[in-house]
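A short write-up of the structure that comes next.
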Amino acid sequence: MKKKVVISALLVVPAIISMIVFVSNYHVGVARENVWAIGIYEGRSPFLFFEPPGIKNPVISASDVTDVKASFVADPFLITKDSTWYMFFEVMNSLSNHGDIGLATSKDAVTWKYEKIVLDEDYHLSFPYVIRYNGDYYMIPESADAHQLNIYRAVEFPHKWEYVKTLLKGDFGDHGIIFHNNTWFLFAGSQPETHNTLRLYYSDSLFGIWKEHPLSPVVSDNADKARPGGRVIIWENKVIRYAQDCSPTYGKALKAFEITRLTRTEYSEKESIYNPVLKNSGKGWTRHGMHHLDAYKMDSRIWIGCVDGYYRQFIVKVDF
128 MKKKVVISAL LVVPAIISMI VFVSNYHVGV ARENVWAIGI YEGRSPFLFF
178 EPPGIKNPVI SASDVTDVKA SFVADPFLIT KDSTWYMFFE VMNSLSNHGD
228 IGLATSKDAV TWKYEKIVLD EDYHLSFPYV IRYNGDYYMI PESADAHQLN
278 IYRAVEFPHK WEYVKTLLKG DFGDHGIIFH NNTWFLFAGS QPETHNTLRL
328 YYSDSLFGIW KEHPLSPVVS DNADKARPGG RVIIWENKVI RYAQDCSPTY
378 GKALKAFEIT RLTRTEYSEK ESIYNPVLKN SGKGWTRHGM HHLDAYKMDS
428 RIWIGCVDGY YRQFIVKVDF
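Sequential numbering from 128 applies to the sequence shown in my numbering.
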């Protein structure tokens, strides 16, 4: 019977590999693995965020997940209700080998408690974009493996969600949605493997018919700004979208873009002079990269941001 043994280490020591290889009937491989976790940052604007000294990051990591065996957590989104912060995020389930949607809660956005998995399908889920609309709570998770982008409604917030409708058919990756100029706009990464194309759709209603914008795709063949990297926000009457910089490697950094024209027929944007908004720190849990931000303005001076980051480790895989 063929079995697989995975030995993890921050550094793969050549001497150890040699000891394993010499054993007959063994197949040894070395792979690289990104270990993602979630943190809370503070900011002075939507473009200037930093890791605050008063918060012990990461606030949620794979070891905090108690109901499934997790290899990492990522893609956090925040929402508040009755003085409680709710964080929804991807949990990479090591047993099923696909993402589930997990939940953590906090009273102060500093100390977080993991709750449980709140959404699990037979296919991979991530990027749980959560919004409040007409008094209800909705979630739009990434589900490219199902070849569709679905929206769910909370029937018992925050723990129970039900499928409502498929918004788009196709292999769409991360996304962003916003109501602007009496129109719903939906940004969708349409090349989830190459991260280099961003399409734009619009609709009269959140649950209506979505039409592709005449200038879509609004980003083509450009992996350093196509893939959405968090919530689309409005700040000082400006629409701002965050984008992952995936060139030359996935999850390298996060950039911000100000959308200067957004109508049913027009689109233009300009890059923030403060880019990158987030990047690898060279040490600790964000040693090798960051790629997500859900930004909230707390008062006239302070923002908070729910972020993710990763360090890279090597794993030795032994088949026998």
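For every residue, glycine included, the Cβ atom is placed at its ideal position computed from N, Cα and C. A quick note: this is a predicted structure, and the numbers were derived from the prediction, not measured.
Return the first residue and the last residue of the beta strand (DSSP E) that residue i is part of.
i, result
"residue 417", "416 to 424"
"residue 225", "225 to 233"
"residue 382", "380 to 389"
"residue 307", "302 to 307"
"residue 277", "275 to 283"
"residue 207", "197 to 208"
"residue 176", "175 to 177"
"residue 360", "360 to 362"
Mapping DSSP to helix, strand and coil, what is residue i?
i, result
"residue 412", "helix"
"residue 270", "coil"
"residue 191", "helix"
"residue 342", "coil"
"residue 248", "coil"
"residue 429", "coil"
"residue 182", "coil"
"residue 437", "strand"
"residue 337", "coil"
"residue 258", "strand"
"residue 316", "strand"
"residue 293", "strand"
"residue 369", "strand"
"residue 331", "coil"
"residue 211", "strand"
"residue 237", "coil"
"residue 395", "strand"
"residue 162", "strand"
"residue 299", "coil"
"residue 402", "coil"
"residue 222", "coil"
"residue 355", "strand"
"residue 263", "strand"
"residue 172", "strand"
Mind checking residue i: buried by the 16 CB within 10 Å criterion, or exposed?
i, result
"residue 411", "exposed"
"residue 210", "exposed"
"residue 266", "buried"
"residue 206", "buried"
"residue 196", "exposed"
"residue 404", "buried"
"residue 150", "Interpretation of residue 150 is limited by its pLDDT of 46, a score under 50 that renders its predicted location unreliable; the figure taken from the coordinates is listed afterwards. With fewer than 16 other Cβ atoms within 10 Å, it is exposed."
"residue 387", "exposed"
"residue 361", "exposed"
"residue 148", "Only weak support exists for where residue 148 lies, its pLDDT of 46 falling under 50; the coordinates are left without a value."
"residue 366", "buried"
"residue 193", "exposed"
"residue 274", "exposed"
"residue 305", "buried"
"residue 332", "exposed"
"residue 186", "buried"
"residue 259", "exposed"
Out of curiosity, what's the CA-to-CA distance linking residue i and residue j?
i, j, result
"residue 257", "residue 159", "31 Å"
"residue 356", "residue 407", "15 Å"
"residue 320", "residue 296", "17 Å"
"residue 242", "residue 236", "15 Å"
"residue 182", "residue 170", "13 Å"
"residue 293", "residue 277", "4 Å"
"residue 337", "residue 330", "5 Å"
"residue 352", "residue 290", "30 Å"
"residue 441", "residue 415", "13 Å"
"residue 272", "residue 390", "31 Å"
"residue 230", "residue 434", "15 Å"
"residue 201", "residue 392", "34 Å"
"residue 128", "residue 396", "Interpretation of residue 128 is limited by its pLDDT of 36, a score under 50 that renders its predicted location unreliable; the figure taken from the coordinates is listed afterwards. One C-alpha to the other measures close to 56 Å."
"residue 226", "residue 363", "35 Å"
"residue 481", "residue 165", "Because the chain spans 128 through 447 in this model, residue 481 falls outside it and cannot be assessed."
"residue 376", "residue 288", "34 Å"
"residue 413", "residue 382", "16 Å"
"residue 428", "residue 223", "43 Å"
"residue 417", "residue 309", "33 Å"
"residue 339", "residue 180", "44 Å"
"residue 245", "residue 214", "11 Å"
"residue 184", "residue 315", "30 Å"
"residue 212", "residue 282", "18 Å"
Am I right that residue i and residue j are in contact with their C-beta atoms under 8 Å? What's the rounded C-beta distance?
i, j, result
"residue 346", "residue 324", "7 Å"
"residue 198", "residue 219", "5 Å"
"residue 344", "residue 317", "7 Å"
"residue 437", "residue 174", "22 Å between Cβ atoms; not a contact."
"residue 255", "residue 268", "5 Å"
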